[in-house]
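Asks: Here it is: the structure, laid out below.
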Amino acid sequence: MVRLCFFIFISGVLCSCGTHTKKNISKTIVESRSPAVGAFSQASFPRYQETEFLSFAELKQLVKNPLPGGALEAKVQRLLNRPIISNEAYYRGMRPTRAQNATLGDSLRVATWNVEKSLRMKEVAAILKSQTGLEDYLDPKASPKGSAAYVELLRERERLATADVIVLQEMDIGISRSGYRDAARDLALALGMNYAYAPQQLEIDPVLLGLESVSDGRGGDVRHQPDEARYKGVFGLAVLSRYPIKSAQSFQLKAQPYDWHAGEKAGTDLAEGARRLATEIVFENQIVREMKVGGRIFFRVDLDVPGLPDNTLSVVNNHLEIKARPKDREAQMVEILSYIQPIRHTVIMAGDHNSAQSDLSPTSVTRIFSRTTSNPQTWLGVSMDLLMAAPAAVNSGRVLLNTAKNFHSPMALHIPVVLPNKTRGLFARIEEFRFADGGAFDFRGDKERSINRSGAKLANSNEKAIKGQTPTFSVKRPIGPIGRSRLDWIFVKAPAAAQSGEESYRLAPHFGETLTGLLEGLTVRLSDHNPCVVDLPLQEPPGI
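The following block contains the structure:
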């Protein structure tokens, strides 16, 4: 009976994991556009700021020693601490126009998307460039023309393609897996946008460089043969903008909980190998060694946006460490917040925060023991076993707790045994943070200003689900809620100078949405992350 009750309860949780109806979709539709925006605060902008890439021979040297000293190490540091800036679109005469509708008036649209190692950048560029490009990849079963799913897919594409600012993670330059593309440049050209790109890491895994063979799955070996002339090995972040870029700043964070060179070079022990193999089998989500030089970065881009305080919008692009514990990502966030604290104008902080509940740091036998014995759920299970002598109930309880955690709001209290919430610290740091001008990130949720009429915290800027938050990440074949997480977030700070009072909503986030159709309605899987988008009214919204 106990076991049956547990599974009935779990089934209820699984069946209620969807999203609220998106009742406010009509308020996001662009009804008209303004004339081209002018009156920028600067007479000129950096046309193109380039960087110096490493040669293939230099990259191979880093395999053995990531800190080679001398001229090579200095070159690596210059690359990892100097962003690329391109205002070529501006100098070609491209100018932004402003979306307008009766609800928000003139508005600014911002999107964030982790594009999974730029593997499908060719398709992403084609789909966002035109509706025809989208229709080339339509899944006739999932989204047949004329169906409600088709109409919704067109709406999602339009909302993303019309973004004024697109914040992107996992953008490649010159890596074989993505066709040696310069992903940021290619997408910016397709959309007629300016861009800034920050190198984050250098991909120097011996397999990618053709220095080691791998199994072909048929009892033999195969060795990758990279194009040495085209291989740059750069993995990083990008910000695309219809507004001109004033400046960009990037550098390696001090908080680096995982060493992507030493940690990956050491290989995997039995426990880590088993976990990775299990992931591949269950989810078909390929996980391989990824030896790199460099780590997570701070990346800020300042845009010239007329009408905003100081005519400036600061965009902070985050990609927090995945191979780390929640408290390690919290430390990275504390460092990032310290860098932006002096900013007195509008700030958008967005990206992949890898805000999973689990400890995703590399596994070992000793760490498994440490995690298990320090996990309150373990001792809850032991207690239930002793008190009830019902192993099935114990296992069901663990499943229930883990399922609840998957859909737990990051703002919920951390209750160690019943409902542990290890991401609470990360979001508490962001919510409690104050800028030099007294401003804060907007955590409000209002039925009139969220996409699905939710009043929960953060609902205006990030889509809320019935249970917790709408997931933005999914492995290829998730099992119910397992293999899905909310990792991607948008945070908005409107400065005091933009506000007319405590209840002001000028430059505040409105109708934050997770665009799920772009991953589910096509014949190609564009990424393992969903794009997220939000609108910011440039004045008090006239229609709310």
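Using full-length UniProt numbering, read the sequence shown as starting at 1 and increasing by one per residue. The C-beta atom is built at its ideal place from N, Cα and C for all residues, glycine as well.
Considering only the beta carbon of each residue, do A436 and P342 sit closer than 8 Å?
Replies: A contact, by the Cβ cut-off of 8 Å.
Asks: Any chance the stretch 132–143 sits against the stretch 516–524, with 3 or more Cβ pairs inside 8 Å?
Replies: Output reads yes: the stretch 516–524 touches the stretch 132–143.
Asks: Is the Cβ-Cβ distance between residue 548 and T112 less than 8 Å?
Replies: Since the first residue shown for the chain is 1 and the last is 544, residue 548 is missing from the structure and cannot be characterised.
Asks: So, with DSSP's three-state summary, where would you put V167?
Replies: Strand, per DSSP.
Asks: Would you mind sorting T372 into buried or exposed? The rule is 16 or more other CB atoms within 10 Å of its CB.
Replies: No answer about T372 holds up, because its pLDDT of 44 lies below 50 and its placement is not dependable.
Asks: Given this structure, state the Cα-to-Cα distance separating L337 from T312, to the nearest angstrom.
Replies: Distance between the alpha carbons of L337 and T312 is about 18 Å.
Asks: Using CA coordinates, which residue listed in Y195, G219, R95 and A183 is at the minimum distance from G233?
Replies: For the residues Y195, G219, R95 and A183, the minimum Cα distance to G233 belongs to A183.
Asks: Do the stretch 64–76 and the stretch 165–176 meet, that is, are 3 or more Cβ pairs less than 8 Å apart?
Replies: Judged by Cβ distances under 8 Å, the stretch 64–76 makes no contact with the stretch 165–176, as fewer than three pairs qualify.
Asks: Please report the distance separating the alpha-carbon of N65 from that of E116.
Replies: When rounded, the distance between both Cα atoms is 27 Å.
Asks: Check whether the stretch 190–204 and the stretch 235–253 are in contact - that is, three or more C-beta pairs closer than 8 Å.
Replies: Result yes; three or more Cβ-Cβ pairs closer than 8 Å.
Asks: Measure the alpha-carbon distance for A356 versus Q249 and round it to whole angstroms.
Replies: When rounded, the distance between both Cα atoms is 28 Å.
Asks: Using 8 Å as the threshold, is the C-beta distance between V110 and V534 below it?
Replies: In contact: V110 and V534 (Cβ atoms closer than 8 Å).
Asks: Whose CA, out of D164, A229, E88 and L303, lies closest to the CA of T97?
Replies: Checked all of D164, A229, E88 and L303; the closest Cα to T97 is D164.
Asks: Measure the C-alpha to C-alpha separation of P531 and K75 and round it to an integer number of angstroms.
Replies: The straight-line gap from Cα to Cα measures roughly 34 Å.
Asks: Taking its Cβ as the centre, do 16 or more other Cβ atoms sit within 10 Å of T21, making it buried, or is it exposed?
Replies: Exposed is the call here.
Asks: Could you have a look at Y91 and say whether DSSP puts it in helix, strand or coil?
Replies: Correct three-state label for Y91: helix.
Asks: Measure the Cβ-Cβ separation of E513 and I466 and say whether it is below 8 Å.
Replies: Not closer than 8 Å, so no.
Asks: Where in the stretch 416–503 do unbroken runs of the beta strand (DSSP E), each at least 3 residues long, occur, reported from the N-terminal end onward?
Replies: 473–479, 482–485 and 488–493, all fully within the stretch 416–503.
Asks: Inspect the beta-carbon positions of F40 and P326 and report whether they are closer than 8 Å.
Replies: For F40 and P326, no; Cβs fall outside 8 Å.
Asks: Using a 10 Å radius around the Cβ and a threshold of 16 neighbouring Cβ atoms, would you call G295 buried or exposed?
Replies: G295 should be labelled buried.
Asks: How long is the line joining the alpha carbons of L108 and I490, rounded to whole angstroms?
Replies: Taking the straight line joining both Cα atoms gives about 14 Å.
Asks: I need the DSSP call for Q252, collapsed to helix, strand or coil.
Replies: In this structure, Q252 counts as strand in the three-state DSSP scheme.
Asks: Could you tell me the alpha carbon to alpha carbon distance between L303 and P542, rounded to whole angstroms?
Replies: In a straight line, the C-alpha of L303 is about 25 Å away from that of P542.
Asks: Tell me which same chain residues have a C-beta within less than 8 Å of the C-beta of L308, skipping the five on either side of it?
Replies: Counting only Cβ-Cβ distances below 8 Å, and skipping sequence neighbours, we find H345, T346, A498, L507 and L538.
Asks: Compare the Cα-Cα distances from N318 to each of G351, L211, L426 and P306 and report the closest residue.
Replies: The shortest C-alpha separation from N318 is found at G351.
Asks: Is the Cβ-Cβ distance between A412 and R429 less than 8 Å?
Replies: Against a cut-off of 8 Å, the Cβ pair of R429 and A412 comes out as no contact.
Asks: With Y197 as the anchor, note down where its beta strand (DSSP E) starts and where it stops.
Replies: It spans N194 to E203 - the beta strand (DSSP E) in which Y197 sits, taken as one unbroken run.
Asks: Output the distance between the C-alpha atoms of I85 and P35, rounded to the nearest integer angstrom.
Replies: Each residue's alpha carbon lies about 26 Å from the other.
Asks: For P420, count the other beta carbons within 10 Å of its own beta carbon; 16 or more makes it buried, fewer makes it exposed. Which is it?
Replies: P420 comes out buried.
Asks: Since T346 is in the beta strand (DSSP E), which residue starts that stretch and which ends it?
Replies: Note, T346: beta strand (DSSP E), T346 to D352.
Asks: On a Cα-Cα basis, can you pick out the residue from G517, Y231 and R78 that is closest to I173?
Replies: Considering only alpha carbons, the answer is Y231.
Asks: Using three-state DSSP, classify N311 as helix, strand or coil.
Replies: Looking at N311 - three-state DSSP - the assignment turns out to be helix.
Asks: Output yes or no for whether 8 Å exceeds the beta carbon distance between Q201 and V293.
Replies: It is a contact, given that the beta carbons lie within the stated cut-off.
Asks: Taking DSSP as the reference, what is the three-state secondary structure of D535?
Replies: Of the three classes helix, strand and coil, the one that applies to D535 here is strand, per DSSP.
Asks: How would you label Q332, buried or exposed, when you count the other beta carbons within 10 angstroms and need 16 or more for buried?
Replies: By the neighbour-count rule (16 or more Cβ atoms within 10 Å), Q332 is buried.
Asks: Thinking C-alpha only, which one of I25, L79 and R242 is nearest G93?
Replies: With distances taken between Cα atoms, G93 lies closest to R242.
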